Amino acid sequence: MIRKIKTLFKAIFLIKNFNAYLTDYLKLTNKDRLLYRLRNGVKYVTRPKTTDRFIINEIWIHKSYTPNGFNIKDKDIVIDIGAHIGVFSVFAAHYAKNGKVYSFEPSNENFSLLKKNLEINKLNNLEIFNKAVSNKSGNKIFYISESKNKGSNSLYPIKNSNKISVPAVSFANFIKSKKLKKINFLKMDCEGGEYKILFNCPKNVLRSIEKISMEYHNLNEKFNGKTMKSFLESNGFLIKIIPDPNKGIIYAKRANKII
0 MIRKIKTLFK AIFLIKNFNA YLTDYLKLTN KDRLLYRLRN GVKYVTRPKT
50 TDRFIINEIW IHKSYTPNGF NIKDKDIVID IGAHIGVFSV FAAHYAKNGK
100 VYSFEPSNEN FSLLKKNLEI NKLNNLEIFN KAVSNKSGNK IFYISESKNK
150 GSNSLYPIKN SNKISVPAVS FANFIKSKKL KKINFLKMDC EGGEYKILFN
200 CPKNVLRSIE KISMEYHNLN EKFNGKTMKS FLESNGFLIK IIPDPNKGII
250 YAKRANKII
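With numbering that gives the first Met the number 0, letter number 96 in the sequence shown gets 95, and the count goes up by one each step, no holes.
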């Protein structure tokens, strides 16, 4: 309860049209879209009564992906895997004004809002892709959740979902195609897809990554927070982990950087 009150209070100072936020919070709107205007000029088109508002809280208020030491800098190269409607992508592009943000979202519904949020913010440093990211390129089965949590779609089977075929790009191939020598910030929220991406990543690509902020998912004995932590440490990262029985957060930074 205290956290909710603090979040509401901070939202007043974050969001210019706080009435829209409050209307969604109290579930008093029948609209299918709400526009949030932040005081710093950023805008978001969102879906009321879904997790969209919660994600704005997590990115802008709680800084879940960018705690101390993980701030995004002006010239950073950022990759957002699991971009959803673009809350983090727009956040990153706002700070990396002279850098570049590459964002991936395979869900057509989420991607349409990601595209809209790119357009209304007039961002020329954000490039978006309606694709999944995996260890290999090609079509993949993708599971679309029927719940109000529009970010819980996955390449792995989930309850109460519909499956579709989506194009996927190899992470390593994408890095090569863009001729990226360094990735300053990798954000991942891909509902279990993080293991195929990172565990099969070539060493030279891993070495090019400076910081990782990721949500990990405990899938089984082979793919879980402990195995991800061990893998990243063995590849030269210092790790801070916020554990959870089902999923948690990992912050990883190169060992020659202070974490």
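Beta carbons are placed, not taken as given, at the ideal position from N, Cα and C, and that holds for glycine. Note that the structure is a prediction, hence the values are computed from the model and not measured.
Over the uninterrupted beta strand (DSSP E) stretch that includes residue i, give me the two end residues.
i    : result
V79  : With the sequence shown as reference, residue 79 is identified as Asp, and Val is not the correct amino acid for it. From DSSP, the beta strand (DSSP E) with D79 extends over I76 to I80.
L93  : Note on identity: in this sequence residue 93 is His, with Leu being the wrong assignment. Not the beta strand (DSSP E): H93 falls in the alpha helix (DSSP H), residues V86 to Y94.
R52  : Unbroken run through R52 is the alpha helix (DSSP H), D51 to I55; no beta strand (DSSP E).
A10  : Careful: A10 lies outside any beta strand (DSSP E), inside the alpha helix (DSSP H) at I1 to L13.
A251 : K246 to R253
K99  : K99 to F103
I71  : That residue, I71, is in no beta strand (DSSP E); it is neither H nor E in DSSP.
K239 : F236 to I241
Short of 6 Å in beta carbon distance, which residues of its chain neighbour residue i, apart from the five on each side in sequence? Order them along the chain.
i    : result
K135 : S169
According to DSSP, is residue i part of a helix, a strand, or is it coil?
i    : result
N129 : coil
I119 : helix
V41  : coil
F173 : helix
E214 : strand
I60  : helix
L34  : strand
S106 : coil
K186 : strand
K114 : helix
K162 : strand
N138 : strand
Spatial neighbours of residue i within its chain, please: C-beta separation below 8 Å, excluding the five flanking residues on both sides.
i    : result
L37  : L13, I14, K15, Y43 and W59
P242 : G224
K96  : D73 and N124
K30  : P47
I196 : I80, V132, S133, N134, F170, M187 and C189
Quick one: measure Cβ to Cβ for residue i and residue j, integer angstroms, because I've assumed they're closer than 8 Å.
i    : j    : result
V100 : V77  : 4 Å
Y250 : F222 : Wrong, their Cβ atoms sit about 19 Å apart, outside the cutoff.
T45  : I84  : 7 Å
I238 : E232 : 6 Å
S102 : F141 : So it is not a contact: roughly 17 Å between Cβ atoms.
N230 : F198 : Reading off the sequence shown, one finds Phe at residue 230, where the question assumed Asn. Contact flag correct, Cβ pair sits at about 6 Å.
A92  : L113 : Not confirmed; about 12 Å, so no contact.
A19  : L7   : That belief does not hold up - the Cβ atoms of A19 and L7 are roughly 13 Å apart, past 8 Å.
D209 : N183 : Correcting the residue identity first, residue 209 is Glu in this sequence and not Asp. Rounded, the Cβ-Cβ distance is 5 Å, consistent with contact.
V165 : A131 : 5 Å
S111 : A167 : No, S111 and A167 are not in contact; Cβ-Cβ is about 19 Å, not under 8 Å.
Let's see if you can read the secondary structure: which residues bound the alpha helix (DSSP H) around residue i?
i    : result
T22  : F17 to Y24
E232 : G224 to S233
E209 : From DSSP, E209 is part of no alpha helix (DSSP H); its letter is neither H nor E.
Y194 : E193 to F198
For residue i, which residues from the same chain have a beta carbon less than 7 Å from its beta carbon, with the 5 sequence-adjacent residues on both sides left out?
i    : result
T200 : Per the sequence presented here, residue 200 reads as Cys, with Thr not at that position. F170 and A171, listed in sequence order.
K180 : S207
Check whether the region 183-197 and the region 206-217 touch, using three or more Cβ-Cβ pairs below 8 Å as the test. With a cut-off of 8 Å on Cβ pairs, the region 183-197 is in contact with the region 206-217, counting three or more such pairs.
Report yes or no: do three or more beta-carbon pairs, one from the region 43-52 and one from the region 64-72, lie closer than 8 Å? When C-beta atoms of the region 43-52 are compared with those of the region 64-72, fewer than three pairs fall below 8 Å, so the two segments do not count as touching.
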